[in-house]
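Comments concern the structure below.
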Amino acid sequence: MSYKKIRIGKITKAHGLKGEFKVYPYTDDEQTFVGYKKIYIEGINEPFNVKNSRRANGMYICKLAGYDKIEDIEKFLNKFIFIDYEDKRKMAKDEFLIGDLIGLEVFNGDKYIGKVDDVLSYPVNDVIKVLDYDTKEILIPNVKEFVISIDLEKNIMQVKLIEGM
1 MSYKKIRIGK
11 ITKAHGLKGE
21 FKVYPYTDDE
31 QTFVGYKKIY
41 IEGINEPFNV
51 KNSRRANGMY
61 ICKLAGYDKI
71 EDIEKFLNKF
81 IFIDYEDKRK
91 MAKDEFLIGD
101 LIGLEVFNGD
111 KYIGKVDDVL
121 SYPVNDVIKV
131 LDYDTKEILI
141 PNVKEFVISI
151 DLEKNIMQVK
161 LIEGM
């Protein structure tokens, strides 16, 4: 992969006076999120050690080692947090990170369709946004009836489009 970090959430606000903060997570995998021991904060290259984290009302409350006052963490508010790509959880065979899909070349059989530009998350299923040469947008539901295969090594996604897509 061409990148080394994965964005996993955003620090939203302080929690209490002892250096804890709330994080809006970009993952729904609670076990993985609370297992992170090292994170990066947007704009800072050095990693931070996570002292503890816990889930609370759809958010996470985190504390960094050595940051014990609200004043210590104010500079981190509204910043994204990242982990090293190597620290991501083990993915199932048919499961991919959105960042891994962006930029894949999309084919319908032998016909080139375009490149994955984004993945839109909806409650029922994700939708893959593909841009063709003319920057025309094609939306493909991320379900096995339409997405036939994904090969990250070859940078290719095979889809089966129906009339009107």
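Here the sequence shown stands for residues 1 to 165, numbered as in the UniProt record's numbering. Cβ atoms here follow ideal geometry from the backbone N, Cα and C, with glycine treated the same way. Predicted model, so just to flag it, every value in this text is computed and none were measured.
For residue i, which residues of its own chain have a beta-carbon under 7 Å away from its beta-carbon, when the five flanking residues on both sides are left out?
| i | result |
| --- | --- |
| Val-130 | Val-106, Ile-113, Gly-114, Lys-115, Val-116, Asp-117, Ile-138, Ile-140 |
| Asp-72 | Gly-19 |
| Glu-42 | Lys-79, Phe-80 |
| Lys-63 | Gly-19, Glu-20, Lys-51, Asn-52 |
| Leu-120 | Asp-126, Val-127, Lys-129 |
Out of curiosity, what's the CA-to-CA distance linking residue i and residue j?
| i | j | result |
| --- | --- | --- |
| Arg-7 | Phe-82 | 4 Å |
| Ile-44 | Gly-99 | 21 Å |
| Ser-2 | Gly-103 | For Ser-2, the predicted structure reports a pLDDT of 44, less than 50, and the residue's modelled location is therefore unreliable. A value from the coordinates is still provided. Answer to the nearest angstrom: the Cα atoms are 11 Å apart. |
| residue 183 | Phe-76 | Past the edges of the chain, shown from 1 to 165, lies residue 183, and the structure says nothing about it. |
| Asp-134 | Lys-144 | 27 Å |
| Thr-27 | Asp-110 | 34 Å |
| Asn-57 | Ala-65 | 23 Å |
| Gly-16 | Val-159 | 49 Å |
Report yes if the CB atom of residue i is closer than 8 Å to the CB atom of residue j, and no otherwise.
| i | j | result |
| --- | --- | --- |
| Tyr-36 | Val-50 | yes |
| Pro-94 | Lys-18 | With the sequence shown as reference, residue 94 is identified as Asp, and Pro is not the correct amino acid for it. In this structure, Lys-18 does not lie closer than 8 Å to Asp-94 by Cβ. |
| Lys-4 | Tyr-85 | yes |
| Asn-108 | Ile-128 | no |
For residue i, report the span of its beta strand (DSSP E) as first-last.
| i | result |
| --- | --- |
| Lys-137 | Looking at the sequence shown, residue 137 is not Lys but Glu. That run of the beta strand (DSSP E) goes 137-141. |
| Gly-9 | 5-15 |
| residue 221 | The question about residue 221 has no answer here: the residues shown for the chain are numbered 1 through 165. |
| Gly-114 | 111-120 |
| Phe-82 | 80-84 |
Note down, in chain order, each residue of its chain lying with its Cβ closer than 8 Å to the Cβ of residue i, except the 5 sequence neighbours on either side.
| i | result |
| --- | --- |
| Met-91 | Leu-97 |
| residue 210 | Examination of residue 210 is not possible in this model, given that the chain is present from 1 through 165 alone. |
| Ala-14 | Glu-20, Phe-21, Lys-22, Ile-70, Ile-73, Glu-74, Leu-77 |
| Tyr-60 | Gly-9, Lys-22, Val-23, Pro-25, Phe-33, Val-34, Ser-53, Arg-54 |
Can you give me the Cβ contacts of residue i inside the same chain, cut-off strictly under 6 Å, excluding the 5 residues immediately before and after it?
| i | result |
| --- | --- |
| Val-124 | none |
| Pro-47 | Lys-38, Tyr-40 |
| Val-34 | Ser-53 |
Under DSSP, the alpha helix (DSSP H) around residue i begins and ends at which residues?
| i | result |
| --- | --- |
| Leu-101 | 98-101 |
| Asp-72 | 70-73 |
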